[in-house]
Amino acid sequence: MRIERVGLKTACVILLFGLVTGFQMSLSKPSRAALHTLHSYGDSLEEEYASARRDFLHTLAASFAFVTGLQSLPEPTGAAVGALPEFQDTNAIIQGITVNVADKPQQDAMISFLVNGFDFKVLRKRIANSVEETWLGFGPEQLSIPEDFEIPVSSFAGYGGHASICVRYDSQTTAPLYRVGDNAPGDNIAFLQVGVPGYRISQMVAAGGNILDAYGLVNVVSPCGLPMRGIVGISPDPIMLLAINCENMKESAAFYERLGFVEQDYPFSRPSKGTTIFEPDKPKNAVYMAPSPNCMGVLLLQNKGRKKTTPNPAFNSLNIVYTPAGESVSSEDMVLKDLSGLSIRFQPVDDFSKEEKMTR
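Numbering (the numbering used here), first residue to last: 6 to 365.
Structure, rendered in structure tokens:
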């Protein structure tokens, strides 16, 4: 087991114990040196992953040549993604997802659903021509330690590197993507999983969420049509993973491996680690992968009967931020689809950092 996983999970147990017993506890941040120890890799532990990570853009280029006909991409680099200690050993992370909404009322409903149902916070906004985007999450997205983050005073929620959900509204959209109250449109997205200290089912329903079940945890279709799973627990970043239904799970795993993803330890937000109804274990034969153990990942699930998946129109993209060598590549052209029809968007880290800072 990795050093940083032990440290984070121990912190989770301490926090969760405080919640269960009724004590109000706060997690003090360790020193900068301790953070580096918790989140950095030792040389011996790095060897098994180094090759795949350093080859990220080589394999990315091969995938683009196959899928979109692109002839060349920048050479890969061994540089880190940003300045956070957690991402010093990787050149790519999953930064979050983007979802589509059909109209202004659905945009407002989706934001209300996330904020009031799961305690998301609005992080930033942008309006460009007919497109309005709102990013929500549980802490700063910036890939550096925020200036106002003070060790050991600040909480982990004030630290950088959090994932986000971008709610995208295009006023020129005419066709409805999802009708509130229906089941999720399409089945390639199983669910987006969040681990939060608490959630409010009444507020989810008030915003137009369709509760599928709420026994131990909650499965709900959000007002935009994105299926979500909420677990009461403590996670370093509450946006934990995106579960994807696959027609052929092994082939999908090989696809993501070619993009530099690595099979990782399955994340848990409760100390029971999958032994109770409140947080199930990883499904049998499922594969959890991510380009780094310190960012959100994808959970690949075998679709029943190897049935062909149907893309969910409410899901816009899985967003990956990476460090290229040399000049940055325009992110507009760096989009491909996986074997389940899920769009994956690649954005150079410098472009992401400029965009994130300008839209706060």
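Idealized CB from N, CA, C, for every residue including glycine.
Buried/exposed call for residue 242, threshold 16 Cβ in 10 Å: buried
Helix, strand or coil at residue 122 according to DSSP, with G and I counted as helix: helix
Span of the beta strand (DSSP E) around residue 263: It is not in any beta strand (DSSP E) - residue 263 instead sits in the alpha helix (DSSP H) that spans 254 to 263.
According to DSSP, residues forming a beta bridge with residue 198: 234 and 246
CA-to-CA distance, residue 140 to residue 128, given in whole angstroms: 6 Å
Residues sharing a beta bridge with residue 285, DSSP: 280
When 326, 235, 115 and 182 are compared against residue 284, the one with the closest alpha-carbon: 235
Buried versus exposed, by CB contacts within 10 Å (16 or more), residue 370: Residue 370 is absent from the structure shown; the chain starts at 6 and stops at 365.
Segment contact flag, the region 222 to 229 with the region 160 to 169, C-beta cutoff 8 Å, min 3 pairs: no
Integer-rounded CB distance, given that residue 347 should sit under 8 Å from residue 249: 6 Å
Segments assigned beta strand (DSSP E), at least 3 residues, entirely inside the region 119 to 174: 126 to 133 and 136 to 142
Minimum C-alpha distance to residue 320 - residue among 171, 329 and 282: 171
Bridge partners - residue 251, DSSP secondary structure assignment: 307
Candidates 94, 233 and 107: closest to residue 411 by CA position: Residue 411 lies beyond the stretch modelled for the chain, which goes from 6 to 365, so this question has no answer here.
Closest residue to residue 316 among 342, 87, 291 and 270 (Cα-Cα distance): 342
Coil, strand or helix - residue 70 by DSSP: Residue placement at residue 70 is poorly supported in this model, since its pLDDT is 38, which falls under 50; the coordinates are not used for a value here.
Nearest-angstrom Cα separation, counted from residue 213 out to residue 186: 7 Å
Reduced DSSP category for residue 192 - H, G, I as helix; E, B as strand; rest coil: coil
Proximal residues to residue 138 (C-beta, below 6 Å), its chain only, five neighbours per side dropped: 131, 171 and 173
For residue 320, the first and last residue of its enclosing beta strand (DSSP E): 320 to 327
Range of the contiguous beta strand (DSSP E) that encloses residue 351: 348 to 353
Span separating the alpha-carbon of residue 95 from that of residue 88: 11 Å
For residue 210 and residue 237, believed in contact at Cβ under 8 Å, the rounded distance: About 18 Å separates the two Cβ atoms, so there is no contact after all.
Burial state of residue 307, where buried means 16 or more other Cβ atoms lie within 10 Å: buried
Separation of residue 98 from residue 328, as counted between CA atoms: 9 Å
Residue from 115, 133 and 358 whose Cα sits closest to the Cα of residue 177: 133
Residue range of the unbroken beta strand (DSSP E) whose run includes residue 295: 292 to 295
Beta-carbon proximity of residue 301 to residue 246, cut-off 8 Å: yes
Secondary structure of residue 97, DSSP reduced to three states: strand
Neighbourhood of residue 354 by C-beta distance below 7 Å, restricted to the same chain and skipping five residues each side: 86, 87, 148, 326, 327 and 328
Same chain only: Cβ atoms within 8 Å of residue 204, ignoring 5 sequence neighbours per side: 122, 123, 124, 223, 235 and 237
Cα-Cα separation between residue 267 and residue 93, rounded to whole angstroms: 16 Å
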